[in-house]
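**Q**
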Amino acid sequence: MRKEFETLTTLARAQGGVVTRQQALAKGASYEAQRLRIRSGLWQERFGCIAIGTTEFSPDWIDASALTLRYGRDTVITGPTALRVCRIPISSSLVLAVVASGHHSVTAAKLLRDTSPRSVSRNRHFTHALVPDALVDTMCVLPERQAMALLDEALQRHWISVNRLEGIIERRRGRGRHGIRTLEKLHQRIKSGTRSEAERRMLPLLRRVSGVRWRANYPILLNGQVVAEADFAAPELKLCIEIDGRAYHSDRAAFENDRARQNALVLAGWTVLRFTWEQITKQPEAVVAAVALAVAQRAS
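Take the sequence shown: its position 162, counting from 1, is numbered 161 in numbering that gives the first Met the number 0, and each next residue is one higher.
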């Protein structure tokens with residue numbers, strides 16, 4: 000290896016795997032030499048910088064270092080790049096960075112110029128957003144359907160909590176905040192999955208089953224003691240309906256309480272039907288049919 004290239008490799012290691020074209024030129028690698036090595040695949044161009052062949056750094060680390068080298072130490076790497084740096088397995092090729100106003104855009108990366116507060120972590124090569132803010136930034140620039148799918152996955156895999164997401168949305172509200180309309184839609188999405196909302200959606204479905212008087216939050220007695228409170232009950236039939244909200248609105252304690260309550264209902268001689276948010280919102284006809292069948296069986 001030529002001496003100037005050895006020097007560049009050493010410099011690249013100190014900068015997260017990358018150097019600028021000007022640094023390469025200053026170390027003796029002419030623009031023509033740079034083009035030849037990029038064309039041969041020995042080097043790679045990343046956001047106006049050059050990634051020198053080294054296995055010490057991941058592609059995401061190199062991207063983050065290159066963007067920081069180009070736009071300065073105030074740059075905040077966010078989006079999927081930051082998520083993977085934080086060991087969140089997201090496959091999106093989207094590259095996002097928060098930079099100061101006045102910088103020119105660069106091919107293959109989306110630059111955010113808002114001043115929204117973000118929780119960050121710094122290493123000697125770059126600064127990156129932590130998981131909750133990196134997720135929100137990603138969802139703000141994705142098409143709506145993809146953003147909603149990512150939201151559901153993130154909540155169910157506990158990459159972010161409902162409370163944390165609501166806190167970020169509240170912090171970012173204000174004039175000129177990037178993606179605030181998307182954030183409001185995401186907020187409505189997480190609110191829609193609560194147990195109370197699922198119960199509200201269930202009620203009109205129950206009313207489609209004729210001949211039954213449903214009572215909400217009905218106390219169930221066993222040996223004179225209240226052992227459970229059914230979400231919906233038809234006392235004359237000893238039939239009750241239990242509703243589950245979205246999985247990410249429940250914790251382990253809630254899960255255990257729900258199972259204990261269901262056991263108590265069965266021991267008290269009740270038939271219990273359980274329905275999830277997805278069933279209520281996406282399969283309403285199947286829900287009505289199941290309830291109608293249970294009513295017919297209990298009435299016979």
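The beta carbon of each residue, even a glycine, is placed where N, CA and C say it ideally should be.
Restricting to Cα atoms, I'd like to know which of 287, 95, 266, 243 is closest to residue 141.
**A** Of 287, 95, 266, 243, the residue nearest in Cα terms is 95.
**Q** Pull the bridge partners of residue 214 from the DSSP assignment, please.
**A** BP columns for residue 214 point to 232.
**Q** Based on Cα-Cα distance, which residue from 38, 123, 29, 136 lies nearest to residue 81?
**A** For the residues 38, 123, 29, 136, the minimum Cα distance to residue 81 belongs to 136.
**Q** Quick check: the region 260-278 against the region 214-226, are at least 3 beta-carbon pairs closer than 8 Å?
**A** With the cut-off at 8 Å, the region 214-226 and the region 260-278 touch.
**Q** What are the start and end residues of each continuous beta strand (DSSP E) run of 3 or more residues lying completely inside the region 124-162, in chain order?
**A** Complete beta strand (DSSP E) runs here, min 3: 126-128.
**Q** Does the region 114-125 come into contact with the region 146-161, if we say contact requires no fewer than three beta-carbon pairs (one atom in each stretch) closer than 8 Å?
**A** Judged by Cβ distances under 8 Å, the region 114-125 makes no contact with the region 146-161, as fewer than three pairs qualify.
**Q** Assign residue 57 to buried or exposed, taking buried as 16 or more other Cβ atoms, counted over all protein chains shown, within 10 Å of its Cβ.
**A** Result: exposed.
**Q** Can you look up residue 94 in the DSSP assignment and give me helix, strand or coil?
**A** If DSSP states are grouped into helix, strand and coil, residue 94 belongs with coil.
**Q** Below 8 Å CB to CB, which residues in the same chain sit around residue 239 once its five sequence neighbours on both sides are set aside?
**A** Hits under 8 Å: 217, 219, 229, 230, 231, 232, 233, 264, 269, 270, 271, 272.
**Q** Once you ignore the five residues that flank residue 17 on each side, which residues in its own chain have a CB closer than 8 Å to its CB?
**A** Same-chain partners within the cutoff: 11, 45, 48, 49, 50, 51, 61, 64, 65, 68.
**Q** Mapping the DSSP letters down to three states, classify residue 109 as helix, strand or coil.
**A** Strand.
**Q** Classify residue 284: buried if its beta carbon has 16 or more other beta carbons within 10 angstroms, exposed otherwise.
**A** Exposed.
**Q** So the candidates are 55, 186, 126; which of them puts its Cα closest to the Cα of residue 138?
**A** When only C-alpha atoms are compared, the closest one is 186.
**Q** Taking the C-alpha atoms as reference points, what is the distance between residue 289 and residue 275?
**A** In a straight line, the C-alpha of residue 289 is about 13 Å away from that of residue 275.
**Q** For residue 278, name the three-state secondary structure that DSSP assigns.
**A** Three-state DSSP puts residue 278 in a helix.
**Q** With H, G and I counted as helix, E and B as strand and the rest as coil, what does DSSP make of residue 7?
**A** Helix, per DSSP.
**Q** Confirm, please, whether the CB-CB distance from residue 204 to residue 213 is below 8 Å.
**A** No, they are not a contact pair.
**Q** Are residue 102 and residue 93 close, meaning C-beta to C-beta below 8 Å?
**A** No; because the gap between Cβ atoms is not below 8 Å, this pair is not in contact.
**Q** What does DSSP give as the partner residues of residue 41 in its beta bridges?
**A** Looking at the DSSP assignment, residue 41 forms no beta bridge with any residue, so it has no partner.
**Q** Got a sec? Which residues, its chain only, sit under 7 Å from residue 79 by beta carbon, not counting five neighbours each side?
**A** Around residue 79: 89, 91, 93, 137.
**Q** One question on the structure: do residue 286 and residue 278 come within less than 8 Å of each other, judged by their Cβ atoms?
**A** A contact, by the Cβ cut-off of 8 Å.
**Q** Relative to the ligand HEM, is the shortest distance from any of its heavy atoms to the C-beta of residue 82 smaller than 7 Å?
**A** Among the components modelled here there is no ligand, and therefore nothing to report on the ligand HEM.
**Q** Of the residues 127, 14, 224, 266, which one's Cα is nearest the Cα of residue 85?
**A** The residue with the shortest Cα to Cα distance from residue 85 is 127.
**Q** With distance defined between alpha-carbon atoms, name the residue in 143, 195, 171, 36 nearest to residue 184.
**A** Residue 143 is the option with its Cα nearest to residue 184.
**Q** Using only the alpha-carbon positions, how far apart do residue 87 and residue 9 sit?
**A** Rounded to whole angstroms, residue 87 to residue 9 spans 30 Å at the Cα level.
**Q** Could you pull the start and end residues of the alpha helix (DSSP H) that residue 286 belongs to?
**A** That run of the alpha helix (DSSP H) goes 283-298.
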